[in-house]
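Colleague: Numbering (the UniProt record's numbering), first residue to last: 1 to 372.
For glycine and all other residues, C-beta sits at the position ideal for the given N, C-alpha and C.
In this text the structure is predicted, and so the values were computed from the model without any measurement.
Have a look at this one.
Structure below.
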């Protein structure tokens with residue numbers, strides 16, 4: 001690649017020298033008439049250079065594409081991803097054909113219609129039919145492309161099916177925190193950013209009993225294959241962006257504005273290892289929004305497995321309430337009995353008047369807002 005860049009640099013400098021010399025000749029010739037023979041030779045040289053440049057550029061573009069194919073992502077491991085890829089390559093194909101045809105005509109016409117003695121350009125002021133053709137056809141093609149893209153976006157961003165498995169991913173400088181709803185009710189508990197601390201890094205609100213079996217992970221997110229997934233997304237500090245390249249999932253994580261993305265992974269991690277021929281292959285969730293000095297390291301592993309394996313893994317995990325019993329003090333007294341099965345025997349007791357997770361300002365009790 002270094003040699004190619006060096007060669008292109010030499011070619012560029014050579015062409016620049018030719019252009020400068022030709023411009024100097026033009027400036028010199030403005031002082032008097034130019035002989036017909038010299039004009040013809042100049043045009044033949046320029047016309048030939050146009051054709052050579054076009055052919056070389058076309059060969060270079062094809063070579064560049066074929067060389068880069070080895071770095072392309074494999075086929076998407078989700079239905080919506082394959083649909084997105086199809087629309088992308090369809091758009092690229094239409095644009096490439098239009099680009100090559102128009103530029104081929106530009107360079108070929110420069111060769112065919114160069115100056116010749118005795119030939120004069122025809123006066124051709126307008127052609128309404130031709131103008132209508134080259135206006136209507138691109139307009140129709142663009143409208144079809146926009147409409148198909150809008151339909152795909154509408155389907156991708158539609159509400160998730162009722163049977164979708166729910167997860168939450170929270171971005172912060174500089175890692176992701178995955179939250180699971182437990183295996184019993186597939187319902188994430190409420191959260192409140194005011195409750196975030198060292199023990200509760202996602203702000204889980206334990207006034208909501210659906211939170212009792214929630215557990216978190218900062219190293220990996222496990223999801224079942226061939227099952228709709230609803231990924232709830234939020235950020236703790238600055239703007240982040242959830243990106244799962246092999247599933248074609250990308251959605252911003254915006255502070256104060258929860259977002260979501262629904263998808264279905266239809267290839268397990270092991271299947272992708274067989275498809276790619278890479279025994280070390282692994283899905284990952286990366287951040288594609290520059291969020292600070294540690295942005296480069298902000299990623300988490302994504303494990304796609306069959307539902308039985310996923311359920312077995314989930315049952316091995318401990319709810320955050322179990323692994324961090326200090327959080328028991330945030331449970332209202334009226335919900336203490338329901339939370340008992342998740343708490344160690346020596347968990348701290350809740351205050352006697354702990355009936356809400358409200359805060360007091362100026363003697364007035366203000367209930368903390370929760371979001372589902």
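1) Let me check understanding here. Comparing Cα to Cα, which of 245, 76, 112, 253 lies closest to residue 51?
2) Could you have a look at residue 131 and say whether DSSP puts it in helix, strand or coil?
3) What alpha helix (DSSP H) runs, 4 residues minimum, are completely inside the region 71-156?
4) Are the CB atoms of residue 205 and residue 189 nearer to each other than 8 angstroms?
5) Tell me, to the nearest whole angstrom, how far the beta carbon of residue 331 is from that of residue 285; I am working on the premise that it is less than 8 angstroms.
6) Look at residue 79 and residue 237 and say whether their C-beta atoms are less than 8 angstroms apart.
7) For residue 168, list the residues DSSP reports as bridge partners.
8) Quick check: the Cα distance between residue 320 and residue 235, rounded to an integer number of angstroms?
9) Among residues of its own chain, excluding the 5 on either side of residue 57, which ones have a beta-carbon nearer than 7 angstroms to its beta-carbon?
10) Residues in its own chain within less than 7 angstroms of residue 91 by CB, not counting five upstream and five downstream?
11) Taking all protein chains shown into account, do 16 or more other C-beta atoms lie within 10 angstroms of the C-beta of residue 223, making it buried, or fewer, making it exposed?
12) Suppose you measure from the CA of residue 103 to the CA of residue 3; what does that come to, to the nearest Å?
13) Going by beta-carbon coordinates alone, are residue 288 and residue 250 separated by less than 8 angstroms?
14) Here's a check: name, in chain order, each residue in its chain whose Cβ is nearer than 8 angstroms to the Cβ of residue 74, leaving out the five neighbours to either side.
15) If distances are taken between C-alpha atoms only, which option among 335, 17, 8, 172 comes closest to residue 256?
16) Can you give, in chain order, each stretch of the beta strand (DSSP E) that sits fully within the region 263-317 and has at least 3 residues?
17) How would you write the range of the beta strand (DSSP E) that residue 337 sits in, first residue to last?
18) Locate the beta strand (DSSP E) running through residue 216, then write down its first and last residues.
19) According to DSSP, is residue 55 helix, strand or coil?
20) Taking residue 310 as the reference, give the member of 278, 225, 41, 97 with the closest Cα.
21) With distances taken between CB atoms, is the gap from residue 220 to residue 300 smaller than 8 angstroms?
22) Closest to residue 93 by C-alpha separation, out of 65, 109, 323, 197, would be which residue?
23) Can you tell me where the beta strand (DSSP E) with residue 221 in it begins and where it stops?
24) Considering only residues of the same chain and omitting the five flanking positions on each side of residue 100, which have a CB-CB separation below 8 angstroms?
25) Along the chain, where does the beta strand (DSSP E) that runs through residue 241 open and close?
26) Residues in its own chain within less than 8 angstroms of residue 84 by CB, not counting five upstream and five downstream?
27) Nearest-angstrom Cα distance between residue 350 and residue 340?
28) Kindly identify the DSSP beta-bridge partner or partners of residue 250.
29) According to DSSP, which residues form a beta bridge with residue 204?
30) Nearest-angstrom Cα distance between residue 281 and residue 108?
31) Considering residue 321, what are the terminal residues of the alpha helix (DSSP H) in which it resides?
32) Given a cut-off of 8 angstroms on the beta-carbon distance, is the pair residue 262 and residue 303 in contact?
33) What would DSSP say about residue 174, mapped onto helix, strand or coil?
34) Rounded to the nearest angstrom, what separates residue 241 and residue 179 at their Cα positions?
35) What is the DSSP secondary structure of residue 12, reduced to helix, strand or coil?
Modeller: Result, derived from the coordinates:
1) Per the Cα distances, 112.
2) Judged by DSSP in its simplified three-state form, residue 131 adopts helix.
3) Along the length of the region 71-156, whole alpha helix (DSSP H) runs at least 4 residues long occupy 79-112, 128-156, reported in chain order.
4) Going by C-beta atoms, residue 205 is nearer than 8 angstroms to residue 189.
5) That belief does not hold up - the Cβ atoms of residue 331 and residue 285 are roughly 31 angstroms apart, past 8 angstroms.
6) Taking 8 angstroms as the cut-off, the Cβ atoms of residue 79 and residue 237 do not count as close.
7) Residue pairing by DSSP places residue 168 opposite 179, 232 in a beta bridge.
8) Using only the alpha carbons, I get a separation of about 20 angstroms.
9) Correct list: empty, nothing qualifies.
10) So the qualifying residues of the chain are 145.
11) Under this definition residue 223 is a buried residue.
12) For residue 103 and residue 3, the distance between alpha carbons rounds to 28 angstroms.
13) Here residue 288 is near residue 250, since their CB atoms are less than 8 angstroms apart.
14) Around residue 74: 246, 272, 275, 276.
15) Closest by alpha carbon: 172.
16) Under the rule that a run must span 3 or more residues, the beta strand (DSSP E) segments found entirely inside the region 263-317 read 283-287, 299-305.
17) Not the beta strand (DSSP E): residue 337 falls in the alpha helix (DSSP H), residues 336-339.
18) That run of the beta strand (DSSP E) goes 215-217.
19) In this structure, residue 55 counts as helix in the three-state DSSP scheme.
20) Closest option to residue 310, Cα to Cα, is 225.
21) It is a contact, given that the beta carbons lie within the stated cut-off.
22) The residue with the shortest Cα to Cα distance from residue 93 is 65.
23) That run of the beta strand (DSSP E) goes 220-224.
24) Only 58 meet the Cβ criterion.
25) Unbroken beta strand (DSSP E) run through residue 241: 240-244.
26) Its chain contains 76, 152, 156, 248 as the residues whose beta carbon lies nearer than 8 angstroms to that of residue 84, once the 5 sequence neighbours on both sides are disregarded; these appear in chain order.
27) At residue 350, the pLDDT of 49 sits below 50, so the modelled position is not reliable; the number obtained from the coordinates is stated separately. Residue 350 and residue 340 have their C-alpha atoms spaced approximately 12 angstroms apart.
28) Residue 250 pairs with 243.
29) Answer is 191.
30) Rounded to whole angstroms, the separation of the alpha carbons of residue 108 and residue 281 is 48 angstroms.
31) Note, residue 321: alpha helix (DSSP H), 320-323.
32) With contacts defined as CB atoms closer than 8 angstroms, residue 262 and residue 303 fail to qualify as a contacting pair.
33) Coil at residue 174, not helix or strand.
34) Each residue's Cα considered, the two are about 17 angstroms apart.
35) In the structure shown, residue 12 sits in a helix (DSSP, three-state: H, G or I).
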